[in-house]
Amino acid sequence: AQSVTQLDSQVPVFEEAPVELRCNYSSSVSVYLFWYVQYPNQGLQLLLKYLSGSTLVKGINGFEAEFNKSQTSFHLRKPSVHISDTAEYFCAVSEGSGYNKLIFGAGTRLAVHP
Amino acid sequence: NAGVTQTPKFRVLKTGQSMTLLCAQDMNHEYMYWYRQDPGMGLRLIHYSVGEGTTAKGEVPDGYNVSRLKKQNFLLGLESAAPSQTSVYFCASSYSITTGALGYGYTFGSGTRLTVV
Numbered sequence: 500a501q502s503v504t505q506l507d508s509q510v511p512v513f514e515e516a517p518v519e520l521r522c523n524y525s526s527s528v529s530v531y532l533f534w535y536v537q538y539p540n541q542g543l544q545l546l547l548k549y550l551s552g553s554t555l556v557k558g559i560n561g562f563e564a565e566f567n568k569s570q571t572s573f574h575l576r577k578p579s580v581h582i583s584d585t586a587e588y589f590c591a592v593s594e595g596s597g598y599n600k601l602i603f604g605a606g607t608r609l610a611v612h613p
Numbered sequence: 003n004a005g006v007t008q009t010p011k012f013r014v015l016k017t018g019q020s021m022t023l024l025c026a027q028d029m030n031h032e033y034m035y036w037y038r039q040d041p042g043m044g045l046r047l048i049h050y051s052v053g054e055g056t057t058a059k060g061e062v063p064d065g066y067n068v069s070r071l072k073k074q075n076f077l078l079g080l081e082s083a084a085p086s087q088t089s090v091y092f093c094a095s096s097y098s099i100t101t102g103a104l105g106y107g108y109t110f111g112s113g114t115r116l117t118v119v
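Line by line, the protein sequences are chains A and B. The opening residue of the first sequence carries number 500 in the working numbering; numbering runs sequentially from there. The opening residue of the second sequence carries number 3 in the working numbering; numbering runs sequentially from there.
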């Protein structure tokens, strides 16, 4: 069965510093990988996705993620964060065969401080 | 551009009461889902539907029922609410995998905050 582990529940960082949010997954088949962002009191929005092809994917708001099949990871990065990036970030995986049900990680709360 | 609309946004129930959460989408999506979000646990799938008139159980279906009588609506029911069902509930919708549109991801509603006392 597939599962997702987000290694940090909270990540504090200063404004304009780089950040990495870590995500590992387990699956016995090929996968699709996603990062979603949730701003306070809102639903989730798609940040970026990996379906196939280039392992480095770029998303909205300057975020990018790299798919590493050998390490079963899909870490999210941003070179310089803003106060407005403060939110909760969820990694999600969907197996490449059959029905596209998403399994979510527990989330990482990114807190950007001035 | 309404997307996915959830009603109500907030609700307080007494233990044993029943209620129905409504989810409506206007994107002609085939698939719809109900998740609950609890601190430190992320989103867990309660039930989902791959088309009008069909529903299936997710990870945590106990205590909930669903119906999808119309393609655009997906209802989540609590027959006898318990304090353990205090949570934030999210509805989402997506295209089916057969359309090749998985890359669009899910579209989420803004959530329903339910408290059972």
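No residue lacks a Cβ here, since even glycine has one placed at the ideal position from N, Cα and C.
Under 7 Å by beta carbon: chain B residues contacting residue i
{"i": "Cys533 of chain A", "result": "Rather than Cys, the amino acid found at residue 533 of chain A in this sequence is Phe. What Phe533 of chain A touches in chain B: Gly107."}
{"i": "Phe603 of chain A", "result": "Gly44 and Leu45"}
{"i": "Gln509 of chain A", "result": "The contacting residues do not exist; Gln509 of chain A stays about 11 Å from chain B at best."}
{"i": "Gln501 of chain A", "result": "What Gln501 of chain A touches in chain B: nothing, since even the nearest Cβ is about 12 Å away."}
Through-space distance from residue j to residue i, alpha-carbon basis
{"i": "Tyr66 of chain B", "j": "Leu15 of chain B", "result": "15 Å"}
{"i": "Phe589 of chain A", "j": "Gln537 of chain A", "result": "8 Å"}
{"i": "Thr9 of chain B", "j": "Leu23 of chain B", "result": "6 Å"}
{"i": "Ala605 of chain A", "j": "Gly55 of chain B", "result": "31 Å"}
{"i": "Leu609 of chain A", "j": "Glu587 of chain A", "result": "6 Å"}
{"i": "Val90 of chain B", "j": "Phe110 of chain B", "result": "13 Å"}
{"i": "Asn567 of chain A", "j": "Leu545 of chain A", "result": "20 Å"}
{"i": "Ala94 of chain B", "j": "Lys59 of chain B", "result": "15 Å"}
{"i": "Leu47 of chain B", "j": "Lys557 of chain A", "result": "27 Å"}
{"i": "Ser2 of chain B", "j": "Lys73 of chain B", "result": "Residue 2 of chain B is absent from the model: chain B starts at 3 and stops at 119."}
{"i": "Gly18 of chain B", "j": "Leu80 of chain B", "result": "9 Å"}
{"i": "Val119 of chain B", "j": "Arg13 of chain B", "result": "11 Å"}
{"i": "Asp507 of chain A", "j": "Leu520 of chain A", "result": "7 Å"}
{"i": "Glu61 of chain B", "j": "Ser502 of chain A", "result": "12 Å"}
{"i": "Gln509 of chain A", "j": "Leu71 of chain B", "result": "41 Å"}
Cβ of residue i within 8 Å of any chain B Cβ
{"i": "Gly606 of chain A", "result": "yes"}
{"i": "Phe589 of chain A", "result": "yes"}
{"i": "Leu506 of chain A", "result": "no"}
{"i": "Gly542 of chain A", "result": "yes"}
Cross-chain neighbours of residue i in chain A, by beta carbon under 8 Å
{"i": "Tyr91 of chain B", "result": "Under the 8 Å cutoff, chain A gives no residues; its nearest Cβ is about 11 Å from Tyr91 of chain B."}
{"i": "Tyr50 of chain B", "result": "Lys600"}
{"i": "Phe76 of chain B", "result": "Result: empty, since nearest Cβ-Cβ is about 15 Å, beyond 8 Å."}
7 Å Cβ cut-off: residues of chain A touching residue i
{"i": "Phe110 of chain B", "result": "Gly542 and Leu543"}
Proximity below 8 Å, CB of residue i to CB of residue j
{"i": "Lys577 of chain A", "j": "Val518 of chain A", "result": "yes"}
{"i": "Glu515 of chain A", "j": "Ser579 of chain A", "result": "yes"}
{"i": "Ser120 of chain B", "j": "Gly552 of chain A", "result": "With chain B represented from 3 up to 119, any question about residue 120 of chain B goes unanswered, as that position is not in the structure."}
{"i": "Phe603 of chain A", "j": "Gly44 of chain B", "result": "yes"}
{"i": "His493 of chain A", "j": "Pro511 of chain A", "result": "Since the displayed chain A opens at 500 and closes at 613, residue 493 of chain A lies outside it and no answer follows."}
{"i": "Ala26 of chain B", "j": "Thr7 of chain B", "result": "yes"}
Residue-chain proximity (residue i, chain A), Cβ-Cβ < 8 Å
{"i": "Thr114 of chain B", "result": "no"}
{"i": "Thr9 of chain B", "result": "no"}
Determine, using beta-carbon pairs with one atom in the stretch 30-42 of chain B and one in the stretch 50-62 of chain B, whether at least three such pairs fall under 8 Å.
yes
Segment contact flag, the stretch 558-569 of chain A with the stretch 529-544 of chain A, C-beta cutoff 8 Å, min 3 pairs
yes
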